[in-house]
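FYI, in our numbering the residues of the sequence shown are 4 to 348.
Glycine included, C-beta positions come from ideal geometry on N, C-alpha and C.
What follows is a short report on a single structure.
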Amino acid sequence: MALYLSLILSSFFLSFLELFVKKNKKKYFKIIQKLYIFAVFLLFTFNRKNSDYNNYLKVFNGEKNIVSEKGYLFLTSIIRILGLNHHFIILLLASLMIFVLFYLYKTKYIISFIFLYIFYTFVYDINQIRNFFCILFILIGINFLKKNKNFLYIIFNILAITFQRLGYIYLIFYILQKFKIKTYMRILAILFIIGLFFTPIFEKSMIYLFPGKAIYYFSRKPNIGMLMYYGFLVIDIVIIRIGNYKKIKIKEENLYIKFILFPIIFLPFSCLSIELIERIWRNCLYLKWFYCLKYLKDKNNLKVNILLWSCLIFQMIFFIGVFIIKDHETIINILEQIKNVGFYF
Numbered sequence: 004m005a006l007y008l009s010l011i012l013s014s015f016f017l018s019f020l021e022l023f024v025k026k027n028k029k030k031y032f033k034i035i036q037k038l039y040i041f042a043v044f045l046l047f048t049f050n051r052k053n054s055d056y057n058n059y060l061k062v063f064n065g066e067k068n069i070v071s072e073k074g075y076l077f078l079t080s081i082i083r084i085l086g087l088n089h090h091f092i093i094l095l096l097a098s099l100m101i102f103v104l105f106y107l108y109k110t111k112y113i114i115s116f117i118f119l120y121i122f123y124t125f126v127y128d129i130n131q132i133r134n135f136f137c138i139l140f141i142l143i144g145i146n147f148l149k150k151n152k153n154f155l156y157i158i159f160n161i162l163a164i165t166f167q168r169l170g171y172i173y174l175i176f177y178i179l180q181k182f183k184i185k186t187y188m189r190i191l192a193i194l195f196i197i198g199l200f201f202t203p204i205f206e207k208s209m210i211y212l213f214p215g216k217a218i219y220y221f222s223r224k225p226n227i228g229m230l231m232y233y234g235f236l237v238i239d240i241v242i243i244r245i246g247n248y249k250k251i252k253i254k255e256e257n258l259y260i261k262f263i264l265f266p267i268i269f270l271p272f273s274c275l276s277i278e279l280i281e282r283i284w285r286n287c288l289y290l291k292w293f294y295c296l297k298y299l300k301d302k303n304n305l306k307v308n309i310l311l312w313s314c315l316i317f318q319m320i321f322f323i324g325v326f327i328i329k330d331h332e333t334i335i336n337i338l339e340q341i342k343n344v345g346f347y348f
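Set out below in structure tokens:
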């Protein structure tokens, strides 16, 4: 817990030096950045006994049949054949996380990225192992997609599906991203409106296709909590407008913008279950942070940079603030997950 809180507080203050004082070019600052990456790796690798830990342990030992995704089950079988335990899956995932987030997607502002990551998505990633494998594979695929290597994207998208069925929706993204940015945004708007009218049909279809999980998820009505994600996506649009997408000609940044806005078409279905839009929106955060940090690097307008950074922080604080007001027990539970660090295998 102490290490986690220290990372949050120190990375918050160091992010301002990194972003606005040009300290990131100094050799000693690069060493500090690497130390922060190592600290995140340790926190992830040695997290033990979180809320999903026992279930994943039972799946690994073949005691509980709650996972049907073949890719993840194949991985557990390989680890068992090698004579290793469940902790090595976490080690493998932590290593993949470091590779994708800090080496495949390079940013000068490592500590700033770590602050955003530790502050919010980290606490979900240490619990939702299959979802994190899924989105890391999608991020690898997008890295190929921006190089026009479509076939490799499909391969990694299929791999993502074998770890988490949520990966199917990113096949939709692959099809839609082929359109130019303006056409893409019009398609999102049309699909959003269609979704508003076809939500009841979607609910019945999901119950028919996935009766067990669909009934479970749809039984937990989100009430007005879904409005929070409408607000989040409004902020995302503001962030993109600050970045002035109309002047962006680079394929990479266009792809990032498309991925950031992709959750819009799923907003109407948030009235059925908030978990769908929550996961899809959360999975977009990594590319949004890379997009914004890349934009900050290229901009000389200090006021615009501060506004963009403030929008990113506001989203995180607003999300946590809503939970504190509505469900403070969730925050307590999240903090309980973080302190479960045990240096053993």
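Nearest Cα to residue 291 within the set 348, 262, 310, 271: 262. In terms of Cβ geometry, residue 82 and residue 92 form a close pair [threshold 7 Å].
In this structure, residue 49 lies away from residue 129, with their beta-carbon atoms at least 7 Å apart.
Out of 16, 258, 207, the CA that lies nearest to the CA of residue 180 is found in 258. With 16 or more other Cβ atoms inside 10 Å of its own Cβ, residue 21 counts as buried.
Excluding five sequence positions before and after residue 271, the CB atoms of its chain that fall closer than 6 Å to its own CB belong to 198, 199, 202, given in chain order.
Under the DSSP assignment, residue 236 falls in the alpha helix (DSSP H) whose first and last residues are 230-245. By the criterion of at least three beta-carbon pairs nearer than 8 Å, the segment 131-144 is in contact with the segment 98-105. The three-state secondary structure of residue 308, taken from DSSP, is helix. When the alpha-carbon of residue 165 is set against those of 73, 266, 240, the nearest one is in 73. Of the candidates 316, 299, 288, 299 places its Cα closest to the Cα of residue 24. About 6 Å separates the beta carbons of residue 127 and residue 285, which is inside the 8 Å limit, making them a contact pair.
Counting only runs that start and end inside the segment 135-210, the alpha helix (DSSP H) elements of at least 4 residues fall at 153-164, 172-179. Within a 10 Å sphere around the beta-carbon of residue 5 sit fewer than 16 other beta-carbons, which makes this residue exposed. Excluding five sequence positions before and after residue 288, the CB atoms of its chain that fall closer than 8 Å to its own CB belong to 119, 123, 124, given in chain order. Ranked by Cα distance from residue 15, the options 168, 113, 162 are led by 113. If you ignore the 5 residues before and after residue 117, its C-beta comes within less than 8 Å of the C-beta of 10, 14, 39, 40, 43, all in its own chain and listed in chain order.
In this structure, the CA atom of residue 241 is about 10 Å from the CA atom of residue 310. Residues of the same chain with a CB within less than 8 Å of the CB of residue 305, apart from the 5 flanking positions on each side, are 23 in chain order.
Scanning 184, 62, 69 for the CA closest to the CA of residue 255 turns up 184. The Cβ-Cβ distance between residue 160 and residue 173 falls below 7 Å. Spatial neighbours of residue 293 in its own chain (CB-CB distance under 8 Å, excluding positions within 5 residues in sequence) are listed in chain order as 108, 110, 116, 259. Per DSSP, reduced to three states, the secondary structure at residue 88 is coil, with no helix or strand assignment.
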